[in-house]
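What follows is one structure encoded as structure tokens, with my remarks underneath.
Residue numbers (UniProt numbering): 1 to 144.
This is the structure:
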């Protein structure tokens, strides 16, 4: 699968999972050796991917979800409609707290988030509301 064209037309669920698996292999994780890939669709059905990128100055790393979201925003996207995260092993790789908030910025509470293994097995499916209940979002700023 070609991943050099961010924003290509929407793919089937299997292809979104395949994209997360493929980009996971590009992760730069020389310190943790924990590779993560993320693939998402935006409201226009375009595909965006990201992988974790570690740095010797540890807090400066980028999570896979943040990379995919940044690619979407750079292309003008503002709404995530589907998200797949691929980690290693047989345990689901759930987004960290910071990524959950980043996903909330561009996703609705009912956004489906699938966590898959490196072979594409679906390990866990949750909504954003499951992962980040009572979340603070952009609309809360209007209530102030």
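Glycine included, C-beta positions come from ideal geometry on N, C-alpha and C.
- Here DSSP, grouped into helix, strand and coil, assigns residue 36 to coil.
- A direct Cα-to-Cα measurement between residue 15 and residue 24 gives close to 14 Å.
- The secondary-structure analysis by DSSP pairs residue 115 across a beta bridge with 85 and 124.
- Counted as a single uninterrupted DSSP element, the stretch harbouring residue 136 is not any beta strand (DSSP E), since DSSP gives it neither H nor E.
- Three or more Cβ pairs closer than 8 Å define a contact, and the stretch 67-83 meets that threshold against the stretch 99-107.
- Between residue 50 and residue 71, the C-beta spacing is below 9 Å.
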